[in-house]
């Protein structure tokens, strides 16, 4: 059976109203303050830490985002934690809030499809996050310009731009997840709690669980263990399992983009291409390396959205 | 009856095993006020949601202004205004902002929006509260704002679900008057309620729902004829000797019941109040009160389900 009329009718109306609500609401103000405060503090420490070595380092601006060494809390760490929190904060009551305010049936009795309502809300949330993250990114670059007094190179700019884009996608994944729960659960508190629970589980617990499960599925080979190496099969399982978590995928992209001289991911590829060990990868190669992770993040965002779309379409509109 | 605007045929909605609406058929003409009456859970709201295309039809079909709400929901929703039970608005926004949002969703041209909103708010008496946050509104004001939305939309059909639910008597009277105003504008009104007597006064025709079925449909006098067996019930309060007998002899009276000390109820084929008064006076009695009973919807309803209940038991 075919529906008549455009599924996009009314979407821009929903989009702009939701965007306005997000940008002027107190909830967003709090989240933005949190992000800017944490971001400013970490970048400040990073700058203080490296002002002495400024002249020698060719990747100075990337060090602002991800300073080498684990001594201080880095900008990337803060972003990895705060972005899901912001996204969940924006999305957890997107749909069930309309039911609870009893506005859902009134809005849906206007000439628009549910498609337009859900997509308008999702895009408004994503745009809000994109605006916040872009402002933060500009602040960091600007701060670097003032404090370091060296202009960023093309390679650094490209890398940090990809970092910005993938951070927005990462935020979109958590926004889609939060909206899915806002469709599934009628109580916003439940939806928020479940979304936060899933985030904590995937970000904190899952890496350890993946290690354990990988070792169980494919037990380590004694011959490799005797040489002090990890068995390739076990490692493959552990890596594959750990990539179920969007935090792991995002972390890998960030390492590839911001730490081109890091060895963790690159040595295998480097050996094939005859690259000197220890020298940074060119931008194109880093992008190639992170490409599967980036595609996976984008598709999981779309997949989560589609699941919430299907659930929402089937829902009974009583309130 | 005038041109039909809503036609339902064997309309059915099932949730798993449970049947919420069981093959109902009815037709509503243009400019009518039609009442869907019945207890909570009788299938009134489900019927309304099916007409708006907000829930899927299991079986049968419904046409609204000639459109199929399942396949052409946008056509239906452009022309039909809906006031849900306990309507909600965005509390942090003002009445004006709420209506602006809906106006944009409806697709009212920007040049007309402000004027249409202003006129609608004036009609429902909310001009003074235009810029107040809806969070501060009382229940009655929210219902009126919901009506303003329908007026602004210039809907051909207004569907009101329990519009008087939870309102105080004063607010109810005002709201019913506004519903009559809709009719004067040529809007077809469909309203549902479980409070029979409140809405009896505004409805041209009613359908009595029970257990997902329409049990009775028609104008209130028609239903009275059908259920109460027609005729008039005249109540006489008078004192005197042998009055019951004298009243029984009045032409047209079929039966006399004593309903209390010196109170009689005459069942007659016509309004026999003058004759009854004459009979009391000529018998030397003292007439204290004389009235003819208007059949109330509640009486019809109760009587119908009493007898229906007896039939089921038998």
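Chains as they are written, first to last, in this note's numbering: chain W, 5 to 323; chain F, 478 to 791.
We put the beta carbon where it would ideally sit given N, CA and C, even for glycine.
Closer than 6 Å by C-beta to residue 581 of chain F: which residues in its own chain qualify, once you throw out the five before and the five after it? Chain order, please.
Taken in chain order, the list of residues that qualify is empty.
Name the chain F residues that come within less than 9 Å of residue 9 of chain W, Cβ to Cβ?
Correct list: 549, 550, 551, 552.
Taking Cβ to Cβ, would you say residue 700 of chain F is nearer than 8 Å to residue 594 of chain F?
No, they are not a contact pair.
Residues that residue 107 of chain W contacts on chain F, provided the C-beta gap is smaller than 7 Å:
Neighbours of residue 107 of chain W across chain F, judged by C-beta separation under 7 Å: 565, 566, 567.
Cutoff 8 Å: residue 320 of chain W Cβ touching any chain F Cβ
Answer yes: the Cβ-Cβ gap between residue 320 of chain W and chain F drops below 8 Å somewhere.
Of all the options F:640, F:493, F:508, which has the alpha carbon lying nearest to the alpha carbon of residue 480 of chain F?
Answer by Cα proximity: F:508.
The beta strand (DSSP E) spanning residue 490 of chain F covers which residue range?
Element bounds for residue 490 of chain F: 481-492.
Write down every uninterrupted run of the alpha helix (DSSP H) in the stretch 232-260 of chain W whose length is 4 residues or greater and which is fully enclosed by it, in chain order.
Fully enclosed alpha helix (DSSP H) runs of 4 or longer: 236-246.
Residue burial classification, residue 88 of chain W (beta-carbon count within 10 angstroms, cutoff 16):
Result: buried.
Anything in chain W within Cβ reach of residue 628 of chain F, meaning under 9 Å, just list it in chain order.
Under a criterion of Cβ atoms nearer than 9 Å, no residue of chain W is adjacent to residue 628 of chain F; the nearest Cβ is some 15 Å distant.
Cβ-based neighbour list, residue 652 of chain F, same chain, cut-off 8 Å, excluding 5 preceding and 5 following:
Only 617, 620, 621, 624, 640, 641, 644 meet the Cβ criterion.
Beta-carbon proximity check, residue 709 of chain F vs residue 664 of chain F, cutoff 8 Å
No; because the gap between Cβ atoms is not below 8 Å, this pair is not in contact.
C-beta neighbour in chain F for residue 317 of chain W, strict 8 Å
Proximity of residue 317 of chain W to chain F, defined by a Cβ-Cβ separation below 8 Å, is not satisfied.
For the candidate residues W:319, W:216, W:66, W:34, whose alpha-carbon lies nearest to that of residue 284 of chain W?
The shortest CA-to-CA distance from residue 284 of chain W to any of W:319, W:216, W:66, W:34 is the one to W:66.
Would you say the beta carbon of residue 653 of chain F comes nearer than 7 Å to a heavy atom of the ligand MN?
As far as ligands go, the structure on display features none, and thus does not contain the ligand MN.
What residue does the alpha helix (DSSP H) around residue 99 of chain W start on, and which one ends it?
Boundaries for residue 99 of chain W: no alpha helix (DSSP H) harbours it, and the DSSP string shows neither H nor E there.
Report the rounded CA-to-CA distance for residue 229 of chain W versus residue 238 of chain W, giving the unit in angstroms.
Residue 229 of chain W and residue 238 of chain W have their C-alpha atoms some 11 Å from each other.
Can you find a C-beta in chain F that's less than 8 Å from the C-beta of residue 62 of chain W?
Residue 62 of chain W does not count as touching chain F.
Residue 532 of chain F touches chain W at which residues, Cβ-Cβ below 8 Å?
Result: 320, 321.
Can you tell me which of F:773, F:766, F:744 puts its alpha carbon nearest to the alpha carbon of residue 729 of chain F?
Comparing Cα positions, the closest option is F:744.
Where does the unbroken alpha helix (DSSP H) through residue 289 of chain W begin, and where does it stop?
First-last of the alpha helix (DSSP H) with residue 289 of chain W: 287-317.
Any chance the stretch 180-191 of chain W sits against the stretch 93-103 of chain W, with 3 or more Cβ pairs inside 8 Å?
The stretch 93-103 of chain W and the stretch 180-191 of chain W touch, with three or more beta-carbon pairs separated by less than 8 Å.
Exposed or buried, residue 95 of chain W, counting other C-beta atoms within 10 Å across all chains shown (16 or more means buried)?
A residue is called buried once 16 or more other Cβ atoms fall within 10 Å of its Cβ, and residue 95 of chain W is buried on that count.
Drop a sphere of 10 angstroms on the beta-carbon of residue 488 of chain F, count the other beta-carbons inside from all chains shown, and report buried for 16 or more, exposed for fewer.
Flag for residue 488 of chain F reads buried.
Is residue 536 of chain F helix, strand or coil when you go by DSSP?
Correct three-state label for residue 536 of chain F: strand.
CB-CB length for residue 756 of chain F against residue 724 of chain F, believed under 8 Å
In this structure residue 756 of chain F is in contact with residue 724 of chain F, their Cβ atoms being roughly 6 Å apart against a cut-off of 8 Å.
Using a Cβ cut-off of 8 Å (strictly closer), state whether residue 516 of chain F contacts chain W.
Contacts with chain W at 8 Å (Cβ-Cβ) do not include residue 516 of chain F.
Roughly how many whole angstroms lie between the Cα atoms of residue 268 of chain W and residue 236 of chain W?
The pLDDT assigned to residue 268 of chain W is 48, lower than 50, so where the model puts this residue is not dependable; a value taken from the coordinates is nonetheless given after this. Whole-angstrom Cα-Cα distance: 15 Å.
Compute the Euclidean distance between the alpha carbons of residue 534 of chain F and residue 691 of chain F, then round it to the nearest angstrom.
Straight through space, the alpha carbons of residue 691 of chain F and residue 534 of chain F are spaced by roughly 17 Å.
If you measure beta-carbon to beta-carbon, which residues of the stretch 484-499 of chain F are closer than 8 Å to chain W?
For chain W, none of the residues of the stretch 484-499 of chain F brings a beta carbon within less than 8 Å of one of its beta carbons.
Does the beta-carbon distance from residue 31 of chain W to residue 551 of chain F come in below 8 Å?
With contacts defined as CB atoms closer than 8 Å, residue 31 of chain W and residue 551 of chain F fail to qualify as a contacting pair.
Rounded distance between the beta-carbons of residue 112 of chain W and residue 531 of chain F, thought under 8 Å:
That belief holds up - the Cβ atoms of residue 531 of chain F and residue 112 of chain W are roughly 6 Å apart, short of 8 Å.
Are residue 179 of chain W and residue 129 of chain W touching if we call contact CB-CB under 8 Å?
It is a contact, given that the beta carbons lie within the stated cut-off.
Output needed for residue 309 of chain W: all residues of its chain with C-beta closer than 7 Å, excluding positions within five of it in sequence on either side, in chain order.
Result list for residue 309 of chain W: 126, 180, in chain order.
Report yes or no: do three or more beta-carbon pairs, one from the stretch 541-561 of chain F and one from the stretch 627-639 of chain F, lie closer than 8 Å?
Taking one beta carbon from each stretch, the stretch 541-561 of chain F and the stretch 627-639 of chain F have 3 or more pairs nearer than 8 Å; the two touch.
Three-pair Cβ contact test at 8 Å for the stretch 608-615 of chain F versus the stretch 564-577 of chain F:
Touching, per the Cβ criterion.
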